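Beneath this line is the structure, given in structure tokens, with notes to follow.
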Amino acid sequence: MPSLSLAEDNKRGELFCYPIKKIHKILNNIEALDAKYKNVIDINVNPKFIIKDGGSFPEQFFLRFDNKIIDVPVDKTNGATPTFLTETYKYPKSEACILDPLRSKRPKYDEGLYFEMGLSPFFINNSGYHDIAELEKGARDGKRFYREMILSPFKVFMPNTDHFAIHHKNFQDEGPPLFAKTSDGISEIKPLFYDGLFLVSLRELRNIKAKGLIVNLDSYDIKPIVSIKYLKRFNTLRKAGKI
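Under this note's numbering, residues -19 to 223 are what the sequence shown spells out, in order.
Encoded structure:
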């Protein structure tokens, strides 16, 4: 077992560990959702590391339970951790540990190396066109999904997921080509931007009486999400260790 521990002063330290007990609860909550909430959006659980700072993958990723170490291999080509979920079900009281000396001096919740579970609900349809009824239902269902991920009484205060974030690997620095279909024709939409996300507001689409949203890309993902105001609040709370 590495003889390292979390650093002081809210830094990551060479060895960064966190409990996994909430993961199964969240997955079970989402699994129990009625099918009517999953016919427009759904999750695709795929635990993997994402490098956002141009650095490298961690030296080691493992589960720790008492004095036992359970290694979780990381695919260095895409960050995938195919055995992670299986091992967490075997050791539900363990903690996940990331051995990453290169980022040891960074803040505890730095996201240069990001571990993505795949719990965000994405639209099933990615044909390039989303009519307004689909977007409105996805927004309503998105709020229900996210409420199941909040394991506290505060879930009743979950804000509306009335924005849509569009993901595409080739549009990390500039917005994707987005258009609104209206009775008057097709008009371009300039997305909002925050923390690496390009967003479109449902209110904006309603204000221009859009019949639908056109995403002029061959391959993309789109998900319902809260407004930038709430994204900022969530980031502040998360960095303070309150959520």
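Backbone N, C-alpha and C define an ideal beta-carbon position, used for all residues, glycine too. Small disclaimer: the values here were computed from a predicted structure and weren't measured.
The criterion of a C-beta distance shorter than 8 angstroms is not satisfied by V180 and L197. The C-beta distance from D90 to P38 rounds to 13 angstroms, too long to fall under 8 angstroms, and the pair is not in contact. At the C-beta level, I21 and Y109 stay beyond 8 angstroms of one another.
Around the beta carbon of P87, fewer than 16 other beta carbons sit within 10 angstroms, so the residue counts as exposed. Contact fails between the region 162 to 174 and the region 40 to 51, because fewer than three Cβ pairs, one in each stretch, are under 8 angstroms apart. As a beta-bridge residue in DSSP terms, I78 pairs with F(-4) and F41. Going by C-alpha positions, K191 is about 18 angstroms away from I146. Here the alpha carbon of V52 sits roughly 35 angstroms from the alpha carbon of K16.
In this structure, I78 sits away from E67, with a CB-CB distance that is not shorter than 8 angstroms. Per DSSP, the beta bridge partners of K161 are I166 and G192. Pairing K18 with L131 gives a Cβ-Cβ distance that is not under 8 angstroms. An exposed status is given to Y(-2), since fewer than 16 other beta-carbon atoms sit within 10 Å of its beta-carbon.
One thing to note: S74 has its Cβ no nearer than 8 angstroms to the Cβ of E(-6). Excluding five sequence positions before and after S207, the CB atoms of its chain that fall closer than 6 angstroms to its own CB belong to H143, given in chain order.
Per DSSP, the unbroken beta strand (DSSP E) holding A145 starts and ends at H143 to H147. In the three-state reduction of the DSSP assignment, V180 falls in the strand class, which pools E and B. DSSP, read as helix, strand or coil, puts E91 in coil. When beta bridges are read from the DSSP output, Y174 appears opposite L177.
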